[in-house]
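The opening residue of the first sequence carries number -11 in the working numbering; numbering runs sequentially from there.
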Amino acid sequence: MKKTLAERVRNQNCKECELHLSANSVCLMGRGPVPCRLMIVVDAPGFQDDETGRPMVGRVGSLLDESLAAIGFNRRDFYITNLVKCRPMEKQKILKIQEKACRHYLDDEIEAVKPEFILTMGNTALSVVKKSGIMKHRGNVLPLGDAQVFPTIHPAAVLRNPRNEMLWKTDLEAFARLVKGESGATPTRTYLVNNQKTLNLCLDAILKSKAVAYDLETNGFEEYVPGAKIATISVSPKPGVAFVVPIHHPEAPWKQPERVLGAITTALAYTPAKRVAHNAKFDDRWLHQFGKPVYADFDTMLAAHIMDENRLKGLKPLAQMLLGVDAWANVDLAKGGAMVEDLKKLAKYNGKDSDYTLRLYYKFKEQLTVEGNERSLRIFTKIMMPASRCLTDIERTGMWLDQERMAERLIEINRRLEKLTTRLTKLAGEEVNWNSSQQMSAILFGKLKLPVIEMTDGGAFSTKESVLLRLRDKHEIVPLILEWRGYAKNRGFLEGWGELLDGNSRLHANYKLAGTVTGRLSSGKEEGNRGRGLNMQQVPRDPLIRSILGAPPGWRFVEADFSQIELRIAAHYSGDQTLQRLYQLGEDVHMQMAVSMTGKPASEVTKEERKKAKAVNFGFLYGMGAKKFVEYARDSYDVEVSLEEAKIVRDRYFEKFAGILPWHQRQRRIVHNYKRVQSLIGRVRHLTDIDSEDEDVQAEAERQAINSPVQSLASDLMLLSLVTLHDEMDPEEALIVGTVHDSILFQIREDTTDKWTSRIKEVMENLPLKKKFGVELEVPIVVDIKVGQHWSEGEEI
DNA sequence: AGTCAGCGCGCG
DNA sequence: AAAGCGCGCGCTGACT
C-alpha cells in the first residue's frame, strides 16, 4: 500500500532539538492533498494541534476556515503545514536552532507537494524565504524555487488584536487574486514627462484639476545636505493618471532641471486645486529646497491618523486595505535608491504612489465629511494641516548650535570619561565595556558580589540607575559608574549633533504629527525610522548640554512654556473645585499639595516635600497606586516613603481633590460603553483593549482613558499656538525653532524681543477655543516665558 | 551589512 | 487586587 507523505517524511523519534521532549505529537506533519497547488505554512503547532495531531485547529483554525471561505476557498484546497513540527514550550518563542533542525522536513514536504503558491503566516513562517520583518514583506510576492510565496500576518495576531483584521482580510483577498491570476484595482496610466510638450500637458492638468496629488522620489532623507537630489516627481491630477517628471535623475532630458521643477512647483503653488500628499511635510521640504514653496492642503497620512490613531499609516498598507490594490514595488534602497533605478521602472512606482494618494484623498474626504466625524474634520483642518505646514518651516529653519561651546564641553567630557574609565578598570580588575549592561552586571554582582536589587524582564540582574543609586554606598565603584554613564550619555548626544549640523551651524529636527496615539508630536528620524534627525524632545535638561543650543548673535532665544498644563486640564475635566480655585487664585499647586499632605504651613515645607507633592500630582492623577508611589518617590526623588505612608498620602490626595475619583469613574464608564474617549475639542482615542479578557489589560485601557483626553488637549493647545504664532510672525523678526510637548522655542531678533514675547504670551494664554471649537476651559492658562542667549539659561520675564 | 530584541535612559 | 501616561534612540549581542 502506498504510504502517505506524512508517513514517508515524519520521524516520530526525532531528537534533533529539545522540543520533542515536551510535545505530544512529535514531528507533526502537514495535512492536505499531495501534490497540491496551494500550501499554507504557519510557525508551529499550537496546544490543540499538538493534542489532536492536526495542524491549525482551535480558534486559529476556525478563523482560517472563515477567512478562506470569504475568499472562495476551503481548507481542503490547501496543504497546511508548520515550519516547526513540534509544539514549542508554553509562551516561548521559536528559536532559530529549532527552525534549522526542522527545516528538512518542510523541504521534503514542499518537494512532494509541489505548490505553485505558498501562503506564509506570521514573521516566523516568513523565514521559509529567509526573510524577517513581516510588516515590511507582507503582501509582496517572493520566489521560492518554482513556487511563489505570499506572506501575511499570523491569524493569532488577528485574534489577539482586532486591529489586524483588516490587514489580514486585505492580504487574503490579494492572495486570492494572485492565485486566480487577477490583478488588483484599475491600473495607473503613467506618462513619463520627458519633453516640453508633455510637460505642458502636465502643468495644464495641475492647474485644471480639482485635486492634485504629488510624490517625490529622492536620494535621501535630508534635503539640505550636499548631494541631495530629487530623482523624480509624480503628479496625479485625477485618479488613474500620473505624470512622472524626472528632475535630477541621470536619464532626465533637461538642460536645466531646476527650471522644470520651478515650473511644476509654481503650478502646484498657484493651482486652485486641493494639493494632496502622503506625509506632505517631507515632499514640501524638498520642493521648497529645490523649487518654490508648496504647502499641501490635505495630507492623507494625517487624515488616516485623525480617524484612527492606531492604524497603519503608510501609503502602501492604506492603499491595500482601503483601495483593494495589490502591493507595488518600492525603490530598492539597497541597490542605491532612486537615482540609480531605471527611470521607466522608477516612474511606474512613483506614478502608483501619487495615483493611490489621490484615490485615498477622495476616500478620506468622504469619510471625514460623514455625520459624526465633524469634530475630527475640524481638528484635521484647523490644527493638523496648518501644523503640518508650519512644521515644514520649523524643520527647515532648524535650531542654532553654539559650536564653540560644544567643542569646549566635548573636550571636558572626554577628559573626565578617560579618567573615570582608568579608575573603573582598576576597580574592576579588568577591561570592561561599561556600555554593556551584561558585562557591568558580571562585575558588580559576580566579581564584586554586590547584592542584587532588581531583575530585568529578561531575567538578568538589573544595572539601571535606580538600582545603582541604592548600591551607592556599598562599593566605591558604583558612584563612579553612575558618573561614567552620565557623561557617556551626554557625549552620545553631542557626537550625534555634530554629525547632524548643516552648513549654517543649525540642526534640523523631524516632527511626526501622526506618531502618537494621543495626538502629541513625536520627534526623531524620518517616517519609517529612516535617515537621521535631531530629536528635540529628549535633549538632556542638564544645562551643560541644553545650553549648547540657542540663538546666534543678534538674536535672542525665547522659550514659552505652558505652566502645569496637564494639571490645569485635569482640573477642568474633573470639575474639582479645590484644584480649580487654586488655579484661579494663581496658587502654586504643588506647594498646596505639599501643605495638605504634610499638614505644615507653606513656609515650613521643604524642597524635598514639594518635590514629593509634584510626583503625587502627576502619578495619582493618572491612576498610580501606593506601591508604585513608593518606588517613584525613591527612584525619582530620593525620598524614602513607607507603603503605609504612601497609602495615607494617596487617600489624602483624593480627599483634598474630591473631584478626581468621580472623574476617573466617568472616564471608566465612557470607555467601557463606547470603547473610546474624546478630548474637549473632540480628538478621539480608540481603546478596544477595554474588552480584553485580561483584566490587567482592561485596567490599562481605563488608565489610558483617563490620561488621553488630558495629554491630547494639552498637545492640541500647543499646536494651535504654534500655527497661530507662525501665521503672525515675520521671519525677519521671529522664527519658531522647535517645540517640546508643552513648550515652544523661538529665535527672536534682539530689537523685537519685547514686542514678540508679549504677543506670544497673549496668544498662548488666550487661544480661540470658543471661536474655533465652540468650547471653553474653566481654568486659566498661564504661559511662562524665558529669554536668553541659550536654551535653559534664560531669565523669566 | 542589515535586522531584531532587550536593556537602559533621554524628554514631556 | 492592583494600577501613572506618552514617546525615540543608542548600544550590545545574537542572528542572517
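Where a beta carbon is used, it is the ideal one built from N, C-alpha and C, also for glycine.
Expected contact under 8 Å - CB spacing of residue i and residue j to nearest Å
i: A201; j: A265; result: 6 Å
i: I536; j: M394; result: 5 Å
i: Q308; j: A145; result: So it is not a contact: roughly 16 Å between Cβ atoms.
i: L605; j: V577; result: The sequence given here has Asn at residue 605, not Leu. Rounded, the Cβ-Cβ distance is 7 Å, consistent with contact.
i: V127; j: D159; result: Residue identity check: residue 127 is Gly in the sequence provided, not Val. The Cβ separation is near 6 Å, so the contact holds.
i: P227; j: L56; result: At roughly 32 Å, the Cβ-Cβ gap does not stay under 8 Å, so P227 and L56 are not in contact.
i: A693; j: Q655; result: 5 Å
i: Q222; j: N338; result: Sequence inspection shows Ser at residue 222; the Gln mentioned does not correspond to that position. That pair is a contact at about 4 Å.
i: V767; j: Q568; result: 6 Å
i: M428; j: F286; result: That pair is no contact at about 51 Å.
i: D730; j: M706; result: 6 Å
Host alpha helix (DSSP H) of residue i (start-end)
i: H560; result: I553 to S562
i: P143; result: P143 to R148
i: T69; result: T69 -> not in any alpha helix (DSSP H); beta strand (DSSP E) instead, spanning F66 to N70.
i: G726; result: Run containing G726: none in the alpha helix (DSSP H); it sits in the beta strand (DSSP E), A722 to T727.
i: L16; result: L16 -> no alpha helix (DSSP H), and no H or E assigned at all.
i: A689; result: E683 to E716
i: Q572; result: Q565 to Q572
i: T745; result: T741 to E753
i: P374; result: M373 to T385
i: M109; result: Note, M109: premise wrong, no alpha helix (DSSP H); beta strand (DSSP E) at F105 to M109.
i: E396; result: Q391 to A416
i: V466; result: I465 to L488
i: V167; result: E153 to K168
i: V593; result: Taken as a continuous stretch (DSSP letters only), V593 belongs to no alpha helix (DSSP H), as it is neither H nor E.
Boundaries of the beta strand (DSSP E) in which residue i is found, first to last residue
i: M77; result: Segment: none, M77 is in no beta strand (DSSP E) and carries neither H nor E.
i: F138; result: A135 to T140
i: V30; result: L26 to V30
i: F734; result: S731 to R737
i: K774; result: V771 to G776
i: D53; result: Careful: D53 lies outside any beta strand (DSSP E), inside the alpha helix (DSSP H) at G46 to A58.
i: L132; result: L130 to L132
i: E547; result: W543 to F550
i: V455; result: Counting along the chain, V455 falls outside any beta strand (DSSP E), though it belongs to the alpha helix (DSSP H) covering E453 to R458.
Buried or exposed (CB count within 10 angstroms, at least 16 for buried), residue i
i: L9; result: exposed
i: D682; result: exposed
i: P305; result: buried
i: G172; result: buried
i: D742; result: exposed
i: N754; result: exposed
i: L573; result: exposed
i: L180; result: buried
i: V358; result: exposed
i: A634; result: buried
i: L631; result: exposed
i: F66; result: buried
i: G726; result: buried
i: G215; result: exposed
i: N318; result: exposed
i: S364; result: buried
i: M443; result: exposed
i: K616; result: exposed
i: G484; result: exposed
(request) Pair every Cβ in the region 271 to 279 with every Cβ in the region 117 to 125, then say whether three or more of these pairs are closer than 8 Å. (result) no
(message) So, does the region 244 to 256 touch the region 192 to 201, judging by three or more C-beta pairs under 8 Å?
(response) yes
(request) Please confirm if the region 547 to 554 is in contact with the region 768 to 776, defined as three or more CB-CB distances below 8 Å between the two stretches. (result) yes
(message) Under 8 Å: do the region 81 to 96 and the region 59 to 71 share three or more Cβ pairs, one atom per stretch?
(response) yes
(message) Extract the residue ranges of the beta strand (DSSP E) inside the region 244 to 291, only unbroken runs of 3 or more that lie entirely within it.
(response) 262 to 265
(message) At 3 residues or longer, what runs of the beta strand (DSSP E) sit wholly inside the region 176 to 249?
(response) 177 to 180, 199 to 206, 218 to 224 and 229 to 234
(message) Which runs of the alpha helix (DSSP H) at least 4 residues long sit entirely within the region 631 to 655? Give them in chain order.
(response) 631 to 644
(request) Flag this pair as touching only if the region 322 to 340 and the region 398 to 406 have three or more C-beta atom pairs under 8 Å; answer yes or no. (result) no
(request) Say whether the region 409 to 429 touches the region 459 to 466, bearing in mind that this needs 3 or more beta-carbon pairs closer than 8 Å, one atom from each stretch. (result) yes
(request) Check whether the region 136 to 144 touches the region 658 to 676, counting contact only when three or more Cβ pairs, one atom from each stretch, lie closer than 8 Å. (result) no
(request) Could you tell me whether the region 698 to 710 touches the region 674 to 688, where touching means 3 or more Cβ pairs closer than 8 Å? (result) no
(request) Let me know the beta strand (DSSP E) ranges lying completely inside the region 518 to 543, each 3 residues or longer, listed in chain order. (result) none
(message) Taking contact to mean 3 or more Cβ pairs, one atom from each stretch, closer than 8 Å, check whether the region 501 to 518 and the region 470 to 490 are in contact.
(response) no
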